[in-house]
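*Asks:* If you read the sequence shown in the working numbering, its first letter stands for residue 8, the second for the next number, and so on.
For glycine and all other residues, C-beta sits at the position ideal for the given N, C-alpha and C.
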Amino acid sequence: MPFASARHILVSTEEKAKELKTAIENGADFAQLAKEHSSCPSKRDGGNLGTFGRGQMVPEFDQVVFSAPVNEVQGPVKTQFGYHLVEVTSRQD
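1. Mind checking which residues open and close the beta strand (DSSP E) that includes residue 85?
2. Residue range of the beta strand (DSSP E) that residue 18 falls in?
3. How would you label residue 51, buried or exposed, when you count the other beta carbons within 10 angstroms and need 16 or more for buried?
4. Taking the alpha carbon of residue 31 as the point to measure from, which residue in 97, 89, 78 and 10 has its own alpha carbon closest?
5. Relative to the alpha-carbon of residue 38, which residue among 88, 65 and 13 has its alpha-carbon at the smallest distance?
6. Taking only three categories from DSSP, how would you classify residue 3?
7. Are residue 54 and residue 35 closer than 7 Å when you measure CB to CB?
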């Protein structure tokens, strides 16, 4: 079974997600922005979600995590929870 590790930032609007992605692309620290802006409890750990298998996350999130390049911020990804910026930190297929 494929496994991945990822971190994310969860916000309520696509606009905010795009704003944060631009900040990251301009050198802002992903973990620091997660701590400051994410509405997910994972924000305490810089957005780190740990390691999980395919199918353990909501489908939209899962699809990105198991197809996106490692160490490249993806998003905004819309799910039932809001808008995510996602960075896959490792993956084993």
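*Replies:* This is what the structure holds:
1. Membership of residue 85 in the beta strand (DSSP E) is indicated by the continuous run 80-86.
2. 10-18
3. exposed
4. 78
5. 13
6. Only positions 8 to 100 of the chain appear in this structure, which leaves residue 3 out of reach.
7. no
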